[in-house]
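Chemist: Just passing along the structure, written as structure tokens.
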Amino acid sequence: MPSSQSLISAEEKLPTLSLPIFSGVIEEWLVFSDLFEAAVSNNKNLTGAQKLQYLKGSLKSDALKIVIEQSESSRVVDVTSCISDVNPGVQILLCTALIQVRDIWGKYQTCRCLLDSGSQASLITNECIERLGFRKEKANVRISCLGATDTRTNGLSEIQFTSHFSSQNSFHASVYVINKIVGMIPHHDLDSSMRELFGDISLADPAFYKSGPTDVLLCVDLTLPLLKGQTLSLGKDKPFAIRSKLSWIIGVKVNSSGQNPLHANYIQLTSDHLINKFWELDSVPCAKPLTSLEEVYEDHFVKTHSRDDNGRYTVRLPFHTPPTRLGNLKQNAIRRLISVERHLISNPDKYNLYRNFMKEYLNLKHMELVSDSKINNAKSLYLPHHGVVRDTSCTTKLRFVFDASSKTSSGLSLNDLLMVDPRVQPELFPILIQFRIFSVAICADVEKMFRQIKVLEEDID
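Going letter by letter, the sequence shown gives residues 25 to 485 in the working numbering.
Here's what the structure looks like:
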């Protein structure tokens, strides 16, 4: 037998749940939407007409006017969306967002990205990848971009980005490099009052109504996981918002009638201009123009190098990431040294070559013994080394290798933190062209050429 107390509890009635009233204030939308869906939209015992009446009873002001204008007695109104007929004179504003992309120097640059759930590949413009300083891997892929003619990619790269308002969440993307992704989005500036419709909520692209270029396109594999599923709709033919990990993304239908841009072209060429252009095309350039990345390298060298009384250069290591990001490499270097010693003991000839090389390094003062006070210095980096024997070589039978690509405990190596300089050797084709000009050609090697360049004291250890 159940107790009398349990019977009394079972007969108690909960207070009547009253539906919230929504007036159109965006900040109140999520609370209203969740409660209305739980109480009305998900109730299978209610017909569509009943749900519509409940909706009208829960609205006031502008929100009520919007539903009355678009609703019909035979149509079920969905709380989370506004249904409108397709207008051939209307175009959808593609969803854009501002992102912070980490460049090769560890800083973040603002880029404008397009979220495209119909794209199979992520893209980035050639101008943007050069501005970020990243290298491009070879990738010649045919891309059909947004209905335009097919184009070929210029390479493949990796980017790391966050939203423009918070660096808490970081995302990675493999992007194909092309010259241009799409034209201006939107095609023309829209009414700036559209921004005011969304109040104080944080937008992924606060200037979504302004026409501008696109730097990055995120494909379906990245776009869909970024979306959180919540939407805000202001009514028929008005902007709507989709919540994402990059903040709220805006979409809007724009009437394209009468907005086609007019172009007036006037071209006048003089004979002098045509003749000058002919000579420019026919002449061989004196120097290859520098890329934006090479200009950064040259600027670093100009600002940091110096020359001593003997004319020898002193340079700094070209870090693009602070050296404090390096971890510990001492134990790995010791293990490699023990392995090299074990191998040398079993090979006396190679042992003597190795020993003589070390003596030469010390005698020329290209290296020095480390004092006890510097052995455990946290700023010091220990580089593993080994030798490569070339028995067929007439001059250098042992090539000594310092392994600056060996990973430290942080997962980064010294080479990972240094800028990759452009080639200093001339191309083979100009050498072959000039070779036939002279009667005698001399081939020579500058002994220990790179070791003649000093490294600044601060970067030695």
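We treat Cβ as the ideally placed atom computed from N, Cα and C, and that holds for glycine.
Under the rule that 16 or more other beta-carbon atoms within 10 Å means buried, what is N178, buried or exposed?
Modeler: N178 is buried by the Cβ-count criterion.
Chemist: Could you give the distance in angstroms between the alpha-carbon of S57 and the alpha-carbon of D229?
Modeler: Cα to Cα, S57 sits roughly 24 Å from D229.
Chemist: From the DSSP output, in three-state form, read off A466 for me.
Modeler: Checking the displayed sequence, the identity of residue 466 turns out to be Ile instead of Ala. Coil at I466, not helix or strand.
Chemist: Could you give the residue range of the beta strand (DSSP E) that holds Q254?
Modeler: Run containing Q254: 251-257, per the beta strand (DSSP E) assignment.
Chemist: Run through the stretch 181-269 for me and flag every whole beta strand (DSSP E) of 3 or more residues, listed as ranges in chain order.
Modeler: List check, beta strand (DSSP E) in window: 195-202, 240-242, 251-257, 264-268.
Chemist: Is the beta carbon of E182 less than 9 Å from the beta carbon of V206?
Modeler: The answer is no: Cβ separation not under 9 Å.
Chemist: Between N376 and K431, what straight-line distance do the alpha-carbon atoms span, to the nearest angstrom?
Modeler: Cα-Cα distance, rounded: 29 Å.
Chemist: Could you compute how far the alpha carbon of R340 sits from the alpha carbon of W129?
Modeler: Cα-Cα distance, rounded: 16 Å.
Chemist: Compare the beta carbon distance of L79 and I45 with 9 Å and say whether it is the shorter of the two.
Modeler: The answer is no: Cβ separation not under 9 Å.
Chemist: Among the residues of its own chain, which have a CB less than 7 Å from the CB of S330, if the five just before and after it don't count?
Modeler: Within the same chain, S330 has close Cβ partners T338.
Chemist: Pick helix, strand or coil for S141, following the three-state DSSP scheme.
Modeler: S141: coil per DSSP, three-state reduction.
Chemist: Tell me the DSSP bridge mates of S146?
Modeler: Beta-bridge pairing links S146 to V199.
Chemist: Taking Cβ positions, are S433 and G351 nearer each other than 9 Å?
Modeler: Taking 9 Å as the Cβ cut-off, S433 and G351 qualify as a contacting pair.
Chemist: Which residues in the same chain have their Cβ closer than 6 Å to the Cβ of V364, if we skip the five residues on either side of it in sequence?
Modeler: These residues qualify, in order along the chain: H410.
Chemist: Can you give me the C-alpha to C-alpha distance between R359 and N371, rounded to a whole angstrom?
Modeler: Using only the alpha carbons, I get a separation of about 19 Å.
Chemist: Could you pull out every residue in the same chain whose Cβ sits closer than 7 Å to the Cβ of S141, ignoring the five residues on either side in sequence?
Modeler: Excluding sequence neighbours, S141 sits near V244, T247, L248.
Chemist: What span of residues does the beta strand (DSSP E) with L422 cover, start to end?
Modeler: Run containing L422: 422-426, per the beta strand (DSSP E) assignment.
Chemist: Judging by CA-CA distance, which residue of L118, Q449, L480 is the nearest neighbour of S235?
Modeler: The residue with the shortest Cα to Cα distance from S235 is L118.
Chemist: Candidates D427, V412, K389: which alpha carbon is nearest Y378's?
Modeler: Y378 has its Cα closest to that of V412, out of D427, V412, K389.
Chemist: Would F185 and R126 be called neighbours here (beta carbons separated by less than 9 Å)?
Modeler: Going by C-beta atoms, F185 is nearer than 9 Å to R126.
Chemist: Who does C135 pair with in a DSSP beta bridge?
Modeler: Answer by DSSP bridge pairing, in chain order: I123.
Chemist: Tell me, please, whether the CB atom of D332 is closer than 9 Å to any CB atom in chain B?
Modeler: Judged by its chain identifiers, the structure shown contains no chain B, having just a single protein chain.
Chemist: Report buried or exposed for P210, applying the criterion of at least 16 other Cβ atoms within 10 angstroms of its Cβ.
Modeler: Buried: at least 16 other Cβ atoms inside 10 Å.
Chemist: Thinking A428 and S437 are a contact (beta carbons under 8 Å), I'd like their distance in whole angstroms, please.
Modeler: At roughly 6 Å, the Cβ-Cβ gap stays under 8 Å, so A428 and S437 are in contact.
Chemist: What are the boundary residues of the alpha helix (DSSP H) that includes S397?
Modeler: Its alpha helix (DSSP H) spans residues 396-399.
Chemist: Rounded to the nearest angstrom, what separates E319 and E481 at their Cα positions?
Modeler: Using only the alpha carbons, I get a separation of about 25 Å.
Chemist: Among the candidates N164, L180, E61, whose CA atom is the shortest distance from the CA of I153?
Modeler: Ranking the options by Cα distance to I153, first place goes to L180.
Chemist: Roughly how many whole angstroms lie between the Cα atoms of N67 and K75?
Modeler: Going by the C-alpha atoms only, they are around 9 Å apart.
Chemist: Determine the direct distance from the alpha carbon of P263 to that of Q77, and round the result to whole angstroms.
Modeler: Cα to Cα, Q77 sits roughly 25 Å from P263.
Chemist: Tell me which residues share the same chain as E161 and place their Cβ nearer than 8 Å to its Cβ, disregarding the 5 neighbours each side in the sequence.
Modeler: Correct list, in chain order: G179, L180, S181.
Chemist: Considering just the uninterrupted stretch of the alpha helix (DSSP H) at I358, what are its terminal residues?
Modeler: Per DSSP, I358 belongs to the alpha helix (DSSP H) from 354-369.
Chemist: The alpha helix (DSSP H) that contains Y406, what's its start and end?
Modeler: Careful: Y406 lies outside any alpha helix (DSSP H) and carries neither H nor E.
Chemist: To the nearest whole angstrom, what separates the beta carbons of L250 and L270, a pair I think is in contact under 8 Å?
Modeler: Contact flag correct, Cβ pair sits at about 6 Å.
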